[in-house]
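Residue numbers (the UniProt record's numbering): 1 to 142.
Every residue, glycine too, gets a C-beta built ideally from N, C-alpha and C.
Take a look at the structure set out below.
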Amino acid sequence: MKPSLRLTNALHILVYIAAARPDDSLSSKTIAGSINTNPSRVRALLSDLQNAGILKREGDYPGRPVLARDSQAITFADVLQAVEDCASVFALDKHTNPECPVGSSIGQALSKYYDEIDRDVLAILNKMVLADLVNDVREIQH
Numbered sequence: 001m002k003p004s005l006r007l008t009n010a011l012h013i014l015v016y017i018a019a020a021r022p023d024d025s026l027s028s029k030t031i032a033g034s035i036n037t038n039p040s041r042v043r044a045l046l047s048d049l050q051n052a053g054i055l056k057r058e059g060d061y062p063g064r065p066v067l068a069r070d071s072q073a074i075t076f077a078d079v080l081q082a083v084e085d086c087a088s089v090f091a092l093d094k095h096t097n098p099e100c101p102v103g104s105s106i107g108q109a110l111s112k113y114y115d116e117i118d119r120d121v122l123a124i125l126n127k128m129v130l131a132d133l134v135n136d137v138r139e140i141q142h
């Protein structure tokens with residue numbers, strides 16, 4: 001399974017917006033150029049982030065995207081939950097053989113381990129905030 005880049009791209013978008021000067025373009029095309037992706041993907045992520053209350057729009061339609069709350073109050077977990085339908089680290093194979101003793105029970109057995117991993121990862125992501133990432137990017141630039 002190919003890992004998702006939705007969290008990485010959403011964090012990229014948020015850093016781009018947080019670091020932007022008032023006269024910088026924040027169009028989906030401009031942001032997509034930074035990520036090296038399609039503007040429609042950026043628009044989809046912007047929509048997810050706005051629906052989650054992480055971004056809002058200011059000014060005339062369509063409005064300039066801005067952070068809806070302080071970057072210190074936006075955790076990586078908030079962003080993950082905004083852009084991923086399923087934030088699980090590992091997926092269970094739903095196509096194992098139900099006639100096999102192992103195949104019929106492996107999913108249930110693994111789920112308790114995977115659930116623990118997911119809780120631990122979410123706890124770690126709840127400690128990571130956008131403000132720190134913005135600062136890290138600025139430090140690397142200079």
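Take residue i as the anchor and find which of the options has the nearest alpha-carbon.
i, options, result
"GLN81", "VAL137, LEU122, ARG138", "LEU122"
"ILE54", "GLY63, THR37, ARG41, VAL83", "VAL83"
"ILE74", "LEU11, ALA32, VAL137, VAL129", "VAL129"
"LEU92", "ASP118, PHE76, VAL79", "ASP118"
"PRO65", "ALA87, PHE76, VAL42", "VAL42"
"SER88", "LEU125, VAL137, GLN141, ALA44", "LEU125"
"ILE35", "ALA109, THR8, ASP120", "THR8"
Could you tell me the distance, in whole angstroms, from the CA atom of residue i to the CA atom of residue j?
i, j, result
"LEU67", "VAL15", "10 Å"
"THR30", "SER104", "49 Å"
"ALA132", "GLN72", "Contrary to the premise, residue 132 reads as Asp rather than Ala in this sequence. Computed Cα separation, rounded: 8 Å."
"ASP97", "GLY107", "It is worth fixing the name first, because residue 97 is Asn in this sequence and not Asp. If you take the alpha carbons of ASN97 and GLY107, they lie about 11 Å apart."
Under the rule that 16 or more other beta-carbon atoms within 10 Å means buried, what is residue i, buried or exposed?
i, result
"ASP23", "exposed"
"ASP115", "exposed"
"LEU49", "buried"
"ILE17", "buried"
"ARG138", "exposed"
Just checking my contact of residue i with residue j at CB under 8 Å: how many whole Å lie between their CB atoms?
i, j, result
"LEU46", "SER27", "Contact flag wrong, Cβ pair sits at about 10 Å."
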